[in-house]
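Here the structure is laid out as structure tokens; the discussion comes afterwards.
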Amino acid sequence: MNKRKILQLGIALLVCGWLVSGYQSGSQAQRRTTAATAAQRALINDYCVSCHNQKTKTAGIVLEGLDFNRVANNAEVWEKVLRKVSTGQMPPASAPKPEKKEAAALVAWLESTLDHADAVNPQPGRPTIHRLNRAEYSNAVRDLLAVDIQPGQWLPVDDSGHGFDNIGEVLSLSPALLEKYLSAARRVSRLAIGDKTIKPTEDRYLPRRNSRNEKTSDDLPFFSRGGLSFQHYFPLDGEYLIRVRTPSNGETGEPTRFFDHKLTVKAGLRSVGAAYPRQSAKAEPAVPGPRRPGGGAPPAMGAVANQPLDLRLDGARLQRFEIPETTSVEMIIVSGPFNATGRGETASRAKVFSCRPASALASTGEEATCAKQILTKLARRAFRRPVNEADVTPLLAFYERGRQAGEFDDGIQRALEAMLVAPDFLLRVETEPAGNRLNTAFRLNDLDLAARLSFFLWSSIPDEELLSLAEQRKLQDAATLQYQIRRMLDDPRAEALVNNFAGQWLQLRNLETITPDPDVYPGFDESLKLAFRRETELFFESILRENRSVMDLLEADYTYLNQKLAEHYGIRGVYGAQFRRVSLTAEQQTQRSGLLGQGSLLTVTSYPNRTSVVMRGKWILENLLGAAPPPPPPDIPDLKPKSHDGRLLTMREQLDMHRANAVCASCHARMDPLGFALENYDGIGKWRTKDAGQPIDASGKLPNGTKLNGPSELKKVLLTGHRDEFVATVIEKLMTYALGRGLEAHDAPSIRAIARQTEREQFRLPALIASVINSKPFQMRQAEPVKGTKTL
Amino acid sequence: MMITKKAISRRALLRGMGVTLALPMLDAMTPALTAAAKPAVRLGFVYVPNGIIMDKWTPASEGADFVFKSTMKPLEKFREHLNVFSGLAQVQGRALGDGAGDHARAGATWLTGAHPKKSEVTIRAGISVDQVAAQALREHTQFGSLELGIESNQLAGGCDSGYSCAYTNTIAWRNATTPLPVENNPRAIFERLFGEGDSTDAASRLALMDSQRSILDYVNSGIKRLNAKVGARDRVKLAEYTDAIRDIERRIQKAEQQSATMKLPVMERPNAVPDEFEDHVRLVMDLQVLAYQSDLTRVITLMMAREGSNRPYRNLGISDGHHNITHHQNDPDKIAKVTKINEVHVKLFAYLLDKLKATPDGEGNLLDNSLIVYGSSICDGNLHTHHDLPIVLAGGGGGQVKGNKHVMLPKETPLNNLLLSMLDKAGVAVDKVGDSTGKLDCLA
């Protein structure tokens, strides 16, 4: 209390002091400002306006006639100038340049002027209404109802913009999507309460195309190999049939066979698996999948031996089948429920039914009271705010209808079904304070701030702790907020940042859609693809969880490998299918240190049958340096595959010729050298020293004259000469994702502020995240910009 | 652990094999019955990306009895139902000062004739012709239109030189700012058409619809409440909801009306996406024919692949991406590969026409009563040209359109003129659509 008072007094004094001194030296300061402005005006006129004038408008930028006293009015242009001049991209190499000191003074002046304008008049932006995307829907349903089956997968893929699929403006809604929301709500609510009328279904699970004979899942015993394991949701207590199917084989005359196991299962999410016990490993059994090399002696006719296969439920063995050694598991089919005996005691039911009517003979009034309690509780979480009569009454009407047609639980199901498509659940709408003046910035209320927090860090709704703090308006308190950020980052749900933020920033999701040409890359298969993704996920997660610097993303002395991936990378001594942290020797670090040595990234930036220097260079510019090249101009001349004398040209020679064209050179001079530095990695990230018989040349020269050769030098260049751009880019990506909107010029001062704040903390990722949360764009919102639109 | 989870989420889609669902009976619902005189015209728009190798496509002579070039050969048996066009253009697909991005503009213009805005975020093109038709014809059917595709719609973000993936992922635009996603999963298409209730029994299907309707009412009132609280830009978003709600309500109403006349034979619903491209296309086409046949909709777009698709056709021995090799730079080997891809697309189109022809409809068959346009919004994939487009029109339009013609139109005739004429034959009266300048008078 005392402390607080002193602090308040201190702040008041500080503010007064600033005001007084500002007042006293006003005219002096103004004179100084005018002098500084004149110098900057002269600099711009001398070095920039010859291209960026009203007539030529080079690159659409006009620097002629700008008001140097009201820089904030042209923030968009000035931010561009700031970026181009501070990174040395402007003036271009061919044009006269100001002295370094002069350029630095311009940069400093622009920064302080723009930052000051932002401090006086912040413009935090105005994210559009945001509907839950697939990941958010899945997580929200999981956290609300404990139905952990990722129902978002039933929805169509979300459109994305600015590199992410959580951008409110871009997330549109079509009738087809609304239909899917309706159908998902029905399925989820029926599973949540255990609807007795759920009919038997048949689900098929296929093993992935795996070229190794190893343990395939953490859900299977250590001494097992092959087979598959999956999570299956058993909707009711009842009988289920699990069938293991082995394929027909034309060569051996083996017919399709089924190995059946019928059993009674309690409702809920369980793991089902089938695998060969390890000790039975004799000859390598066939590799599943059609692309089977013809190696190995044909089996002796009529003497096909059997091998044991264990069928497991939640790790416990259900049955041991003897299946022919020449075949393999083609799929597992789970069907049921048959003869359902009850709704079961599932996590979902425990979560939903916070009360029960006293007995089966409970009065209608008693039931209604309980229903109201259940729905009030769930609606509060689903809508992320305290609920009132107006919210609960319509839900109770659904309950009544369902209750009339069935049991108490069926009434709740109906109400849940409606709740899951309620706009208050599916849409994130931020509240405008009453009487707010147009176009002014205001602080978000605690509930909206809580929602921004949880959707940023968890891609989900706030949990009980966060929501009740928000209801008590305690998030306004800085210490409470900081504690919550820490708590949320430590929570397992922060894995959403890995899946959704890193997954999109680093394009891990694109791995799903790539298909390297098996003729060029016979070593590539489904499990390598998964290993690529897993490595980068675990690596990013370690940076987050271990409070590491984002610089470690580019250079680290460890990574995460399993045997498959280690062999792909040529690293010895890693055995088995499970991933573990592996320290890299100095020599290994030259090849595999940091993101740029990881198969995931190197593969998504390649063509199916060759590497792409341009795609890799562009990826680095766009995602690490925040300097996306403009789209290519019209009438691009084709690459010339042959020289004048008819000799076939290498890709490097073709691109050299391409760069000889000045228009192409302006971008390719920046992209290509970055991409060439990674040429030692082939199209699936394997290290190579030769390509098509020619030794790899991984050298290049950046437009500013910096020479680089190979990945190690590339990393050095990025981390030293371009450190500030890299950090700013990470902040920009985080902020875009956190806000769910594209960034604008008026966000730049906040980005600079975050960079300055976090430099003291070595740019640790959690510090970056906390600073984004503490920034004005995150905590504030711009009021409606134009007057009179309310009447529309 | 996470790996397992991912693998499952994909596989969990394969649930429910062997579950059978009812199909509304075919003839019982044909519109021919409602107005015995004139059969309903079905419209179809089948898109192929990246242009076509034209010297294997365009017939040499004009008018009737032209000789089919090799790529178009599979269509020869439908000669009497076929009009081949030369000279059509989609000039809004050109850069017009916007620089690179011809694939995005091709997809965005094919049915709109509107120059798309170059952006990865604020997308804008124009309403597409299929949607003009859908809005006029939806009163007769449960669905205004269907948007079908083959490639997964997983791509999001920017796809071509600063253009949103929306421009290449779809050819159907509900309005200038709402691209309609294509559905490529046969099972999802089936469920959309025939419902996913557990029972084939009409009463329980109706009960399901009734419950859906009350939920929609609830959603609607929620939207209204929000509307009063938010700013102008957000209200535009909310309007998307209101539109979607209205659309579904209308469909429910239609389904309730039609359920009285439905006969319900049992048909197994497809379970998954077939592995092979050609099997996948044929299955989607089967569903397309089914939808026409049971008059669930009269307007269907089908993208054989997204524009700019780089799918390798390994079953044809082509491991390079389709888009890559269309930039063939006159390399005969690449041209031969592209031609092979062109041929397989046409062969699949012939499969669709075969099925339509084999399906009785009114006095004749579905092909007699359809107008299905096939083609691309790029002519030469190597040079990205948007004129002299490869376009054929199949079907008799209910006796209004005569086939066996190679129509050579004046250069730069807007493709939208042909599309406008199709609307006209389908009884959709509009004067202008996109950049059209008038109807073609050469169809009869």
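In the order they appear, the protein sequences are chains A and B. With the first sequence counted from 1, adding 253 to any position gets you my numbering. With the second sequence counted from 1, adding 19 to any position gets you my numbering. Think of the CB as a built atom: it goes at the ideal place given N, C-alpha and C, for glycine as much as any other residue. Being a predicted model, the structure only gives us computed values, none of them experimental.
Rounded straight-line distance, which links the Cα of A:S802 to that of A:A755 = For the purposes of this step, residue 755 of chain A is taken as the residue at position 502 of the first sequence. For the purposes of this step, residue 802 of chain A is taken as the residue at position 549 of the first sequence. In a straight line, the C-alpha of A:A755 is about 15 angstroms away from that of A:S802.
Reduced DSSP category for B:K458 - H, G, I as helix; E, B as strand; rest coil = Taking the first residue of the second sequence as position 1, residue 458 of chain B is located at position 439. Residue state, collapsed to three classes: coil.
Report all residues from its chain with a CB closer than 8 angstroms to the CB of A:S278; omit the five preceding and five following residues, and keep chain order.
-> For the purposes of this step, residue 278 of chain A is taken as residue 25 along the first sequence, with counting starting at 1. Residue confidence is low: A:S278 scores 44 on pLDDT, short of 50, so the model does not pin down where it sits. Its coordinate-derived value is still stated next. For A:S278, there are no CB contacts under 8 angstroms within the same chain when 5 residues up- and downstream are skipped.
What are the boundary residues of the alpha helix (DSSP H) that B:R124 is part of?
-> Taking the first residue of the second sequence as position 1, residue 124 of chain B is located at position 105. Taken as a continuous stretch (DSSP letters only), the alpha helix (DSSP H) holding B:R124 covers 121-128.
Hey, how far is the Cα of A:L481 from the Cα of A:D490?
-> Numbered from 1 along the first sequence, position 228 holds the residue referred to as residue 481 of chain A. Numbered from 1 along the first sequence, position 237 holds the residue referred to as residue 490 of chain A. Spanning the two alpha carbons is a distance of roughly 24 angstroms.
Take A:V1047 as the anchor and find which of A:E985, A:R1013, A:H999 has the nearest alpha-carbon.
-> No statement about residue 1047 of chain A is possible, as the shown extent of chain A runs from 254 to 1045 and does not include it.
Closer than 8 angstroms, Cβ to Cβ, to anything on chain A: give me those residues from the stretch 314-327 of chain B, in chain order.
-> Those residues of the stretch 314-327 of chain B that come within reach of chain A (Cβ to Cβ, closer than 8 angstroms) do not exist; the list is empty.
Spell out whether any CB of chain B is found under 8 angstroms from the CB atom of A:I767.
-> Along the first sequence, one-based indexing puts residue 767 of chain A at 514. Cβ-Cβ to chain B under 8 angstroms: no for A:I767.
Does any residue of chain A bring its CB to less than 8 angstroms from the CB of B:V249?
-> Locating residue 249 of chain B in the second sequence gives position 230, counting from the first residue. By this cut-off, B:V249 is an interface position.
Which of helix, strand or coil DSSP assigns to B:A393 | Position 374 of the second sequence holds residue 393 of chain B. Residue identity differs from the one stated: residue 393 of chain B is Tyr in this sequence, not Ala. B:Y393 carries a strand assignment under DSSP once its states are collapsed to helix, strand and coil.
Whose Cβ in chain A lies nearer than 7 angstroms to the Cβ of B:K256?
-> Taking the first residue of the second sequence as position 1, residue 256 of chain B is located at position 237. Counting only Cβ-Cβ distances below 7 angstroms, B:K256 has contacts in chain A at T381, I382, in chain order.
Using 10 angstroms around the beta-carbon of A:T1130, count the other beta-carbons present and answer buried if the total reaches 16, otherwise exposed.
-> Given that chain A is displayed from residue 254 to residue 1045, the structure contains no residue 1130 of chain A and the question cannot be resolved.
Own chain, CB closer than 7 angstroms to B:H347, minus 5 neighbours either side, in chain order = Numbered from its first residue, the second sequence carries residue 347 of chain B at position 328. Setting aside the 5 residues that flank it on each side, B:H347 is surrounded in the same chain by K353, I354, V357, N401, each with a C-beta closer than 7 angstroms to its C-beta; the list follows chain order.
Can you round the beta-carbon distance between B:T131 and B:G453 to whole angstroms, since I take them to be within the 8 angstroms contact cut?
-> Sequence index remark: in the second sequence, residue 131 of chain B carries index 112 (1-based). Sequence index remark: in the second sequence, residue 453 of chain B carries index 434 (1-based). Between B:T131 and B:G453 the beta-carbon gap is near 5 angstroms, inside 8 angstroms, which marks them as a contact.
Contact residues within the stretch 743-755 of chain A, judged by C-beta distance below 7 angstroms to chain B | Answer set for the stretch 743-755 of chain A: empty.
Tell me the start and end of each unbroken alpha helix (DSSP H) in the stretch 365-411 of chain B that is at least 4 residues and wholly inside, in chain order.
-> If only complete runs of 4 or more residues are kept, the stretch 365-411 of chain B shows no alpha helix (DSSP H) anywhere.
Could you run through the stretch 419-430 of chain A and flag, in chain order, every residue whose CB is less than 9 angstroms away from some CB of chain B?
-> Closer than 9 angstroms at the C-beta level to chain B, one finds these residues of the stretch 419-430 of chain A: I420, G421, E422, V423, L424, S425, L426, S427, P428, A429, L430.
Ordered list of alpha helix (DSSP H) runs contained in the stretch 314-345 of chain A, each at least 4 residues | The stretch 314-345 of chain A contains these whole alpha helix (DSSP H) runs: 328-339.
Top-ranked residue by Cα proximity to B:L367, from B:M441, B:E295, B:K451 = Working through the second sequence from its first residue, we reach residue 367 of chain B at position 348. That would be B:E295, whose Cα lies nearest to the Cα of B:L367.
Short CB-CB distance (under 8 angstroms) between A:A361 and chain B = For the purposes of this step, residue 361 of chain A is identified with residue 108 of the first sequence, where counting begins at 1. For A:A361, the answer is no, since every Cβ of chain B falls outside 8 angstroms of its Cβ.
The stretch 389-409 of chain B touching the stretch 63-80 of chain B, judged by at least three CB pairs closer than 8 angstroms = Yes: at least three Cβ pairs fall under 8 angstroms.
Give the range of the alpha helix (DSSP H) segment to which A:D770 is assigned.
-> Counted from its first residue, the first sequence places residue 770 of chain A at position 517. In the DSSP annotation of this structure, A:D770 is not part of any alpha helix (DSSP H), being labelled neither H nor E.
Between the CA atoms of A:T629 and A:R656 - distance to the nearest angstrom = As a working mapping, residue 656 of chain A is identified with position 403 in the first sequence. As a working mapping, residue 629 of chain A is identified with position 376 in the first sequence. Approximately 17 angstroms, taken between the alpha carbons.
When the Cα atoms are used, what is the spatial distance from B:M304 to B:F85?
-> For this step, residue 304 of chain B is matched to residue 285 along the second sequence. For this step, residue 85 of chain B is matched to residue 66 along the second sequence. If you take the alpha carbons of B:M304 and B:F85, they lie about 28 angstroms apart.
Residues of chain A with a CB under 7 angstroms from the CB of B:Q307: which are they?
-> Position 288 of the second sequence, counting from 1, holds the residue named residue 307 of chain B. Result: empty, since nearest Cβ-Cβ is about 16 angstroms, beyond 7 angstroms.
According to DSSP, is A:R395 helix, strand or coil?
-> For the purposes of this step, residue 395 of chain A is identified with residue 142 of the first sequence, where counting begins at 1. In this structure, A:R395 counts as helix in the three-state DSSP scheme.
Sub-8 angstroms separation of A:T784 and A:N763 beta-carbons | Numbered from 1 along the first sequence, position 531 holds the residue referred to as residue 784 of chain A. Numbered from 1 along the first sequence, position 510 holds the residue referred to as residue 763 of chain A. The residue you asked about is not Thr; residue 784 of chain A is Ala in the sequence shown. No, they are not a contact pair.
So with Cβ pairs under 8 angstroms, would you call B:Q161 a contact of chain A?
-> On the second sequence, residue 161 of chain B is found 142 positions in, with the first residue counted as 1. Interface with chain A (8 angstroms Cβ-Cβ cutoff): B:Q161 is excluded.
Where A:G526 falls: helix, strand or coil (DSSP) = What you label residue 526 of chain A is simply residue 273 of the first sequence in a count that begins at 1. In the structure shown, A:G526 adopts extended strand secondary structure according to DSSP, grouped into three states.
Inter-residue Cα distance where the pair is A:Q626 and A:A603 | Walking along the first sequence from the start, residue 626 of chain A turns up at place 373. Walking along the first sequence from the start, residue 603 of chain A turns up at place 350. Answer to the nearest angstrom: the Cα atoms are 14 angstroms apart.
For the 8 angstroms Cβ check, are there 3 or more pairs between the stretch 959-970 of chain A and the stretch 897-914 of chain A?
-> Judged by Cβ distances under 8 angstroms, the stretch 959-970 of chain A makes no contact with the stretch 897-914 of chain A, as fewer than three pairs qualify.
Nearest CA to the CA of B:V447: which residue from B:K136, B:G120, B:D149?
-> Position 428 of the second sequence, counted from the first residue, corresponds to residue 447 of chain B. Among B:K136, B:G120, B:D149, the Cα nearest to that of B:V447 belongs to B:D149.
Report the partner residues of A:Q1035 according to the DSSP bridge assignment.
-> Indexing the first sequence from 1 puts residue 1035 of chain A at position 782. Beta-bridge pairing links A:Q1035 to A:A694.
Quick one: any contact between the stretch 354-365 of chain A and the stretch 286-299 of chain A, if contact means 3 or more CB pairs under 8 angstroms?
-> Touching, yes.
Alpha carbon of A:V835 to alpha carbon of A:Y828, nearest angstrom = Position 582 of the first sequence holds residue 835 of chain A. Position 575 of the first sequence holds residue 828 of chain A. In this structure, the CA atom of A:V835 is about 12 angstroms from the CA atom of A:Y828.
Would a check of beta-carbon distances place A:E432 closer than 8 angstroms to chain B?
-> Position 179 of the first sequence holds residue 432 of chain A. By this cut-off, A:E432 is an interface position.
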